[in-house]
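See structure below.
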Amino acid sequence: MYPDDFNMNDSGCIFGELKIFDHLVKEDDKFLNLDGICHLAQVMLETGKNLSFPLFYRILKLALVLPISTATVERCFSKMKLIKTDLRNRMGNGYLNNAMVCAVEGETFDEVTNEDVIFRFLAMKDRRGEF
């Protein structure tokens, strides 16, 4: 779902697709009792209308994905604000990045045990050079 997915010709074709889709949907009983756009997308897949109306289906997928990606970004910024406030802005970008990964991917880090971390550090090579 990138800008390259749509071109100037698509903007003119989408209105034609919508008119035809509207006409066909009114005649098809499968589209009568839809709960929302998610159910519309499912019925389009089941009936094969996603292949007949690719531009409309592409826009429908974008409408389904957009709220999730927006919520994810907002959650990340919220966690970043907490981390930056806690450390009083005394950290560099590298440390902030590492702290953000830990905060955002918290569920993954909950599965890592202390023993796993200890064994990881023990397995690391000494990086100090001898002078």
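Its first residue numbered 1, the sequence shown is counted upward by one per residue in the UniProt record's numbering.
Built from N, CA and C at the ideal position, the CB exists for glycine as well.
Computed from a predicted model, the values in this text were never measured in an experiment.
Pick from the options that is closest to residue i, judged by C-alpha positions
{"i": "N98", "options": "N50, M80 and N114", "result": "M80"}
{"i": "C38", "options": "S52, I14 and R58", "result": "R58"}
{"i": "I14", "options": "I118, S78 and S52", "result": "S52"}
Through-space distance from residue j to residue i, alpha-carbon basis
{"i": "E115", "j": "M100", "result": "22 Å"}
{"i": "G48", "j": "P54", "result": "10 Å"}
{"i": "G16", "j": "V43", "result": "21 Å"}
{"i": "D126", "j": "R120", "result": "13 Å"}
{"i": "G36", "j": "E74", "result": "24 Å"}
{"i": "M1", "j": "D29", "result": "Per-residue confidence for M1 stands at a pLDDT of 49, beneath the threshold of 50, marking its modelled position as unreliable; the derived number appears in the next sentence. Near 30 Å, if we compare the C-alpha coordinates of D29 and M1."}
{"i": "A123", "j": "E46", "result": "52 Å"}
{"i": "C102", "j": "F109", "result": "7 Å"}
{"i": "L82", "j": "N50", "result": "43 Å"}
Whether residue i touches residue j by CB criterion (7 Å)
{"i": "F56", "j": "F31", "result": "no"}
{"i": "V112", "j": "C76", "result": "no"}
Cβ separation of residue i and residue j, assumed to be a contact under 8 Å, to the nearest whole Å
{"i": "L40", "j": "L60", "result": "7 Å"}
Quiz item: If we count Cβ pairs, one from each stretch, closer than 8 Å, do we get three or more for the region 93-108 versus the region 46-64?
Solution: Flag = no, the region 93-108 and the region 46-64 do not touch.
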